[in-house]
Amino acid sequence: MKQGFFARNPSVLVFLALLALFTLGVTLLSHAYGTSFLSTSFVKTLGKTLCLCLVALAMDLVWGYMGILSLGHMAFFALGGYMIGMWLMYARTEEIVVQALANAPLPATPQEIADGVATQIFGVVGGADLPAVWTFAGSLPAQLVLVVAVPGLLALAFGWLAFRSRVTGVYLSILTQAMTLALALYLYQNDSGLRGNNGLSGLQNIPGLGGVSQDALSVWFLWASAAALALGYLIAAWVVSGKFGSVMRAIRDDEQRVRFLGYSVEGYKLFVFTVTAIVAAIAGALYYPQAGIINPAELAPIASIYLAVWVAIGGRGRLYGAVIGAAFVSLLSTWFTGGRAPSIDLGVYIIQWVDWWQILLGLSFVLVTLFAPQGIGGLIDWAAGLRHPSRRGAALGPNDGALQEKEATE
Amino acid sequence: MSALLEVSGVSVTFDGFRAINNLSFNIGTQELRAIIGPNGAGKTTFMDIVTGKTRPDEGSVTFGERSVSLLSLSEAQIAQAGVGRKFQRPTVFEDQTVFDNLMMALKKPRSPFAVLLFRPAKVDAERVAELAAEVGLRDHLDRKSGELSHGQKQWLEIGMLLAQEPRLLLVDEPAAGMTLAEREHTTALLVEMARTRAVVVVEHDMEFVRRLNCKVTVLHEGSVLAEGSLDHVTKNPAVIEVYLGRG
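Here the protein sequences line up with chains A and B, keeping their order. Residue 32 in the UniProt record's numbering sits at position 32 of the first sequence, with consecutive numbering throughout. Residue 74 in the UniProt record's numbering sits at position 74 of the second sequence, with consecutive numbering throughout.
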């Protein structure tokens, strides 16, 4: 116990070193700062992937460590994106409107500018007034606070209601999915004030940085995403390595026993659910400026299911597993759906990967769940010779996890 | 002797079945008490009520000098107030080491923020090592508890209860599945623990109760049928009829 944090958790240093190496490598191969080997759009894809790794990390904490299969974390991710997107879009439109009005004989009044911005943004949905939710859109600090506050408060309110009534297991998953669906359906409406199914666009243009090329911006965002991931990983590793991590895993395995130890299980669940929702929102706020567009389809329940699939394939209950899963599956998905994967000609039928990728993904999810519950991360354990209590393949659910195998089958 | 736990007039009904029927009794601050009774007498339900898992329909359960009502507290709050519970099966966290299991049980602030910032100090590690030695797991601190044998898991759970420093300990059939030597060890441990706290043992096995040599409460159909020394209650005709007379 006298060793330092890194000595006890060598994987953290390895991870941080690899991440730094990756970031440096991409920078040196980028258009803006290196040999132009990688296209700017691919640098953006890599930057986005780092954000997905961060939200996967949050999902691993709440699901892999605590046993709450949340199907709502991509909703928090998208909400974070919406909150930063509102500022990006408003401030950028304001710049354009000011420029357009500069040629007028009289200087533009603030009211004229505000009206111009509202018409520009809401013309597409047939409105000319700025809805109340855009009140703070002109202020970057205010929207940054909202990036954290809106998803955080939603998670807090939802979690308080759900955990207090002791909804657990698959019922909780369904409840989180219902929340996600309701939020998506709400945002699809033009009345919700976030441009309905058009969503927010032009987010890749950063206000005030009009002179900076997308080549450079893509690398800047890659750096920011890598820094956020590194920080998130470090904090997550610190949290799960201590007693808090012990309690989280104990709640996953036998929450009733944890109650009798004197820990308020509901309080812990609420805490972790809310904090991970905020992490997801921060990841989203970094992701969408790189994606350039956000619309309600981004927070459809399927997105959160994908998130669970990434974590499961990467390996639940280990932080690097979540990151590996998110990076591996989402990059593979980009490759397959980008039309670059060679089609397979079976003679009677040609397998187009754009169509068949999802089937391949679904199949690998089923296979991993059945035959390799440790996921890709399990390979690292296997290589390192780590052992787990042998359950001889018997999958013990969260409630039975603390029982001996033979008792559990009684 | 002042009462640590006072149960009075408690009744619980499950789907029309009266599991506990107007149950009343007291446990002193330093007392060893055995509760016996046939299956369905309400022994486990009684433990569920005291630990907050089940809410009674009527009656009151108070705890401690200030007579705090346990009925309005959550399971976690009751555990923090000083009620520990040992399950019949060993329930330890198999995926974690013996050290982590004991450290989690150690009496410390339990709020998420306190736990988040908690880092074990030297005294904490020493206390854990001491507890592990007490239950014979000194050499197994770094092992995953899932690898331990059945008996070692039982001891680990007892170690975790000791770490919680409860004032009242509820023990469900501690001797189940134990060898004769292990039973003797368990008896000695329970008697020793009852010197500084109240220990309530729910037991089926008369031989084991005789070893404990303590006051016995006989439950039947959810209420107290008889109370006193084992010899006293076994002479009671009603007890013989409902419990001892069978087979």
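Beta carbons: idealized from backbone N, C-alpha and C, even for Gly. These numbers come from a predicted model, not from an experiment.
| Check | Outcome |
| --- | --- |
| Which residues DSSP lists as bridging H220 of chain B, in chain order | B:S223 |
| The region 215 to 246 of chain A: positions lying closer than 8 Å to chain B by Cβ | V239, G242, K243, F244, S246 |
| Unbroken beta strand (DSSP E) run spanning G378 of chain A, endpoints | Per DSSP, G378 of chain A belongs to no beta strand (DSSP E); it is in the alpha helix (DSSP H), 377 to 384. |
| Cβ-based burial, P342 of chain A [other Cβ within 10 Å; buried from 16] | exposed |
| Environment of E192 of chain B [buried if 16+ CB atoms lie within 10 Å] | exposed |
| Cβ-based burial, N205 of chain A [other Cβ within 10 Å; buried from 16] | buried |
| Strand pairing of L32 of chain B, partner residues [DSSP] | B:V199 |
| Beta bridge counterpart(s) of L170 of chain B as assigned by DSSP | B:R85, B:V200 |
| Assumed close pair I36 of chain B, E203 of chain B - CB separation to whole angstroms, cut-off 8 Å | 6 Å |
| DSSP state of P389 of chain A mapped onto helix, strand, coil | Residue placement at P389 of chain A is flagged as unreliable, the pLDDT there being 48, under the threshold of 50; the coordinate-derived value follows with that caveat. DSSP places P389 of chain A in coil when its eight states are reduced to three. |
| Among A:F76, A:L367, A:S333, A:G208, the one whose alpha carbon lies nearest that of W353 of chain A | A:S333 |
| Opposing strand residues paired with R18 of chain B [DSSP bridges] | B:T13 |
| Residues of the region 161 to 174 of chain A whose Cβ lies closer than 8 Å to any Cβ of chain B, in chain order | none |
| Counted within 10 angstroms of its Cβ, other Cβ atoms place P90 of chain B as buried (16 or more) or exposed | buried |
| One or two residues paired with D95 of chain B in a DSSP bridge | Beta-bridge pairing links D95 of chain B to no other residue. |
| Interface residues of chain B facing A250 of chain A [CB-CB closer than 8 Å] | F93, Q96, M104 |
| Proximal residues of chain B, C-beta to C-beta of Y268 of chain A below 9 Å | P112, V115 |
| Candidates B:E241, B:E31, B:P109, of which the one nearest L4 of chain B by Cα | B:E31 |
| Straight-line gap, T13 of chain B to P56 of chain B (C-alpha atoms, nearest Å) | 8 Å |
| Contact set between the region 167 to 188 of chain B and chain A, restricted to residues whose Cβ is under 8 Å from the partner | none |
| Cutoff 6 Å; reference P389 of chain A; Cβ partners in own chain excluding five residues on either side | Residue confidence for P389 of chain A is low, a pLDDT of 48 falling below 50, so the modelled location carries little weight and cannot support an answer. |
| For A56 of chain A, the nearest candidate out of A:G325, A:W335, A:G267 (CA to CA) | A:G325 |
| Neighbour flag for R85 of chain B against chain A, beta carbons, 8 Å | yes |
| C-beta neighbour in chain A for E75 of chain B, strict 8 Å | yes |
| L69 of chain A, DSSP secondary structure in three states | coil |
| Through-space distance from I278 of chain A to A149 of chain A, alpha-carbon basis | 8 Å |
| CB-CB length for C214 of chain B against R85 of chain B, believed under 8 Å | Not confirmed; about 19 Å, so no contact. |
| Secondary structure of S67 of chain B, DSSP reduced to three states | coil |
| Under 8 Å between C-beta atoms of K212 of chain B and V201 of chain B | In the sequence as displayed, the identity of residue 212 of chain B is Leu instead of Lys. It is a contact, given that the beta carbons lie within the stated cut-off. |
| Burial state of R195 of chain B (16 or more Cβ within 10 Å) | exposed |
| 8 Å Cβ cutoff met for F336 of chain A and G314 of chain A | no |
| Closest Cα partner of Y306 of chain A within the set A:T27, A:L69, A:S39 | A:L69 |
| Touch test, the region 173 to 181 of chain B against the region 108 to 117 of chain B, Cβ-Cβ under 8 Å, three pairs minimum | no |
| Chain A within 8 Å of F63 of chain B, Cβ atoms only | no |
| Distance between S330 of chain A and P107 of chain A (C-alpha atoms, nearest Å) | 49 Å |
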